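A.B. asks: Okay, handing you the structure first.
Here it is, written out as structure tokens:
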């Protein structure tokens with residue numbers, strides 16, 4: 106008698122809706138004066154042959170979820186200038202840009218003070234290093250308030266002021282949804 110056992114598998118997959126949540130008004134944005142490792146992938150590469158690890162500056166998006174906090178990292182590069190503590194200086198200028206969703210030009214804050222590399226564009230769950238080998242997490246960290254405070258301290262992260270935070274979110278939202 107042949108017996109066939111069917112099973113189900115659950116794969117952790119990060120959805121577009123989940124990544125978009127890190128740009129919501131309730132999300133808090135921090136910036137670090139350190140660099141961290143990120144795994145970049147060529148968007149035209151469908152078989153994973155063109156990936157590379159690089160160190161980049163990054164934003165930390167902190168999304169309150171109940172009494173916990175979900176964490177995402179947004180890498181960026183080509184910083185034009187730094188303050189005396191080594192943090193990238195972020196400047197924005199409002200320009201008319203085409204928005205796919207509305208199908209018209211809108212006022213969008215844009216920047217030339219840093220760049221987002223297409224290989225590293227997005228909301229990353231972060232990197233872990235185990236036994237000297239780098240791994241990209243397969244889901245976002247969810248931390249308690251004390252764990253969040255310890256993380257922010259270890260990353261030497263500071264909160265963006267409200268205007269810069271708003272402009273950064275608007276710019277990243279436009280960039281991620283309108284530059285395919």
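In my numbering, the protein residues as written are 106 to 285. The beta-carbon is built from N, C-alpha and C at its ideal position, and this holds for glycine as well. Treat the numbers as computed from the prediction; the structure is a model and nothing was measured.
Less than 8 Å between the beta carbons of residue 163 and residue 178, yes or no?
C.D. replies: yes
A.B. asks: Measure the beta-carbon distance from residue 232 to residue 143 and round it to whole angstroms, keeping in mind my assumption that it falls under 8 Å.
C.D. replies: 7 Å
A.B. asks: According to the Cβ coordinates, are residue 213 and residue 200 closer than 8 Å?
C.D. replies: Yes. Within cutoff.
A.B. asks: What separation, rounded to the nearest whole angstrom, lies between the Cα atoms of residue 278 and residue 125?
C.D. replies: Going from the Cα of residue 278 to the Cα of residue 125 covers about 8 Å.
A.B. asks: Using a threshold of 8 Å, state whether the C-beta atoms of residue 221 and residue 257 are closer than that.
C.D. replies: no
A.B. asks: Measuring alpha carbon to alpha carbon, tell me which residue in 176, 146 and 237 is nearest residue 159.
C.D. replies: 146
A.B. asks: Going along the chain, which residues of its own chain have a beta-carbon closer than 8 Å to the beta-carbon of residue 261, five neighbours each way excluded?
C.D. replies: If we look at residue 261 and ignore the five residues flanking it on each side, its Cβ neighbours are 137, 138 and 139.
A.B. asks: Below 7 Å CB to CB, which residues in the same chain sit around residue 167 once its five sequence neighbours on both sides are set aside?
C.D. replies: 132, 133, 135, 174, 176 and 253
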